[in-house]
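Undergrad: Would you mind keeping the following structure in view while I ask a few things?
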Amino acid sequence: MTTFTTSRDIPASPAQVFAAISDPQRLARWWGPAGFSNTVHVCEFRPGGKWSFIMHGPDGKNYPNENLFAEIDAPNKVVVQHVSEPHFHLTISLAASATGTLVSWAQAFENADVARQIEHIVLPANEQNLDRLTVEVVGV
1069 MTTFTTSRDI
1079 PASPAQVFAA
1089 ISDPQRLARW
1099 WGPAGFSNTV
1109 HVCEFRPGGK
1119 WSFIMHGPDG
1129 KNYPNENLFA
1139 EIDAPNKVVV
1149 QHVSEPHFHL
1159 TISLAASATG
1169 TLVSWAQAFE
1179 NADVARQIEH
1189 IVLPANEQNL
1199 DRLTVEVVGV
């Protein structure tokens, strides 16, 4: 297994950050790398709930995504199991910090070879996801 990690301190409370993750409309606005938009088909934000959506890329391509919310511990953690290819678990942890909330993002791929092949996409995309989450939460 290969895990890519990053973190970001967002100047807002854990509850405010969690609200941007748990609200399907807000999640659709910020999820994905820069330039992407989402059409959500199902978003059952509960443990075991399904999350099905299509990411629309700036290249005009559509990227279907099938996920499960494997774990939810409000307002501390959300674990998303990506059941479509490539298979991974994404753990988003929220912890109060001196300036707001430290968001820790750990994306664990089941297949190390696949992870190595897409690392050049995943690393900047994860940073862009956190950029977009920050804008959703604080408008900066």
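Plus 1068 on top of the position in the sequence shown (first one is 1) and you've got the working numbering. Ideal Cβ positions, reconstructed from N, Cα and C, are used throughout, including at glycine. Note that the structure is a prediction, hence the values are computed from the model and not measured.
Rounded C-beta distance between I1186 and P1154? I'm assuming under 8 Å.
TA: 7 Å between Cβ atoms; contact.
Undergrad: Identify every run of the beta strand (DSSP E) within the stretch 1120-1167, keeping only runs that are complete inside it and at least 3 residues long; order them along the chain.
TA: Counting only runs of 3 or more, we get 1130-1141, 1145-1150 and 1156-1165.
Undergrad: In three-state terms, what does DSSP make of N1179?
TA: It is coil, neither helix nor strand.
Undergrad: Quick one: using the 10 Å Cβ neighbour count with 16 as the cut-off for buried, is L1191 buried or exposed?
TA: Exposed: under 16 other Cβ atoms inside 10 Å.
Undergrad: Return helix, strand or coil for F1086, following the three-state DSSP convention.
TA: F1086: helix per DSSP, three-state reduction.
Undergrad: DSSP state of A1096, grouped into three classes?
TA: It is helical.
Undergrad: Could you tell me the alpha carbon to alpha carbon distance between V1203 and G1168, rounded to whole angstroms?
TA: Whole-angstrom Cα-Cα distance: 14 Å.
Undergrad: Where does D1199 sit, in a helix, a strand or coil, going by DSSP?
TA: Note: D1199 maps to helix in three-state DSSP.
Undergrad: Report buried or exposed for W1160, applying the criterion of at least 16 other Cβ atoms within 10 angstroms of its Cβ.
TA: Position check: residue 1160 holds Ile in this sequence, whereas Trp was assumed. Buried, since its Cβ has 16 or more Cβ neighbours within 10 Å.
Undergrad: So, at 8 Å on beta carbons, what are the nonlocal neighbours of V1147 in its own chain, with the 5 sequence-adjacent residues on each side left out?
TA: Only F1137, A1138, E1139, I1140, H1157, L1158, T1159 and I1160 meet the Cβ criterion.
Undergrad: List the endpoints of the continuous beta strand (DSSP E) containing D1077.
TA: T1070 to I1078 is the extent of the beta strand (DSSP E) around D1077.
Undergrad: Mind checking who N1106 pairs with in its DSSP beta bridge?
TA: DSSP, once it has assigned bridges, lists M1123 as partnering N1106.
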